[in-house]
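Participant: I'd like to ask some things about the structure below.
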Ligand code: NI
């Protein structure tokens, strides 16, 4: 697969509801490999398929230390089936909204079910940064972005800035 570009605000694909994957096959594995490559190159700790223009329920993550060993995780059709009561705040960024950080409070832990890159059912418990990253990426699959946690006023200012930038780049 040729190199995947990460799309940014205000691309409407980022706001679409993604459809479930029906079959985990070689074409899907090529997609996830391309997504992982794009994520590591960015660099980022997570990436969702809509961020490369594909409106399907696929996310990739790696929250390991940047200089340490890689630990790529692929989740197809991820479904969060349990949230912890405890909450935790992280300052989140998004590869599709460069240079914007938003403090977001989310459940500190969760259980997620998904298919792995071989189409096998998996379930795992996550906490800390990993739990936050999973929620951030699953939000993408529902067309939800970190700016949606801001007030409408702040969100509109950011969206306007990105629209203006996109116009300048198109000229
Ligand atoms: Ni993001």
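Numbering (this note's numbering), first residue to last: 947 to 1117.
The beta-carbon is built from N, C-alpha and C at its ideal position, and this holds for glycine as well.
Taking the DSSP output, what are the residues bridged to residue 954?
Facilitator: BP columns for residue 954 are empty, so no partner.
Participant: Within the chosen definition, does the stretch 1008-1023 reach the stretch 1096-1110 through at least 3 CB pairs nearer than 8 Å?
Facilitator: Judged by Cβ distances under 8 Å, the stretch 1008-1023 makes no contact with the stretch 1096-1110, as fewer than three pairs qualify.
Participant: Flag this pair as yes or no: are the beta carbons of residue 1022 and residue 970 separated by less than 8 Å?
Facilitator: Against a cut-off of 8 Å, the Cβ pair of residue 970 and residue 1022 comes out as a contact.
Participant: For the beta strand (DSSP E) holding residue 1061, just list the boundary residues, first then last.
Facilitator: Residue 1061 -> beta strand (DSSP E) spans 1055-1061.
Participant: Identify whether residue 1041 lies in helix, strand or coil by the three-state DSSP scheme.
Facilitator: Three-state result, residue 1041: coil.
Participant: Just grab the DSSP bridge partners of residue 1051 for me.
Facilitator: DSSP lists 1035 as partners of residue 1051.
Participant: Return the residue from the list 978, 968, 1043 that minimises the CA-CA distance to residue 1008.
Facilitator: Comparing Cα positions, the closest option is 978.
Participant: Rounded to the nearest angstrom, how far is the Cβ of residue 959 from that of residue 996, given a contact under 8 Å?
Facilitator: Going by Cβ atoms, the distance from residue 959 to residue 996 rounds to 5 Å, so yes, they are a contact pair.
Participant: What's the call for residue 966, buried or exposed, on a 16-neighbour Cβ count within 10 Å?
Facilitator: Exposed.
Participant: In angstroms, rounded to a whole number, what distance separates the CA positions of residue 1071 and residue 1043?
Facilitator: Cα to Cα, the separation comes out at about 28 Å.
Participant: Do residue 1032 and residue 1055 have their beta-carbon atoms positioned less than 8 Å apart in this structure?
Facilitator: Yes, these two residues count as a Cβ contact at 8 Å.
Participant: Quick one, which of 1060, 1024, 976, 1098 has its alpha-carbon nearest residue 1087's?
Facilitator: Of the candidates 1060, 1024, 976, 1098, the one whose C-alpha sits nearest the C-alpha of residue 1087 is 1024.
Participant: So residue 1059 and residue 1067 are supposed to be a Cβ contact under 8 Å. How far apart are they, rounded?
Facilitator: Contact holds; Cβ gap of about 7 Å.
Participant: Under a three-way DSSP split, which group does residue 1093 fall into?
Facilitator: If DSSP states are grouped into helix, strand and coil, residue 1093 belongs with the helices.
Participant: Of the residues 1113, 1095, 1108, which one's Cα is nearest the Cα of residue 1035?
Facilitator: Of the candidates 1113, 1095, 1108, the one whose C-alpha sits nearest the C-alpha of residue 1035 is 1095.
Participant: From residue 1092 to residue 1079, what distance separates their C-alpha atoms?
Facilitator: The alpha-carbon atoms of residue 1092 and residue 1079 are separated by roughly 11 Å.
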